[in-house]
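Numbering (the working numbering), first residue to last: 338 to 504.
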């Protein structure tokens, strides 16, 4: 199970990196409008989400309670017609970023997440424990992992849309 999730995480991250490769620092920090995030901010948000996911899963795994949670439709996270508001903890910084800085953050959090997942002693607990997800509700831990790459796919689509607006 972990290996399949890691493969999906890797494939999606490769997609993201290809998508942002064409931008220089100025384009990377350009916003389509005052109320939108720049591509740099989207990527910073992805870093924050991944780091928060590690904390959420670690917290739930440390709990003695097995809840045998109900499976959720995590695919809904990709639905761009459904507007989601990021919790404060995963809101990106408003200051500009250098592209290489974001690439380093993306690599670092992915490395931490991968190491964390490899370190889970009993992966079967991922389906037996849950923690509340801000957009989906009570979510089994394995689906928390799945939502990381689905959420990233959502934002890759957002970057595609921005290309048409920003150029």
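Each residue gets a CB set at the ideal place from its N, CA and C atoms; glycine is no exception.
None of these values were measured; they are calculated from a predicted model.
Does the beta-carbon of residue 396 have 16 or more other beta-carbons within 10 angstroms, so that it is buried, or is it exposed? exposed
Please classify residue 383: does DSSP put it in a helix, a strand, or coil? helix
Alpha carbon to alpha carbon, how far is residue 502 from residue 461? 44 Å
Decide if residue 424 is buried, meaning its Cβ has at least 16 other Cβ atoms within 10 Å, or exposed. exposed
The beta strand (DSSP E) that contains residue 476, what's its start and end? 474-477
As a quick exercise: from 412, 346, 441, pick the residue whose alpha carbon is nearest that of residue 377. 441
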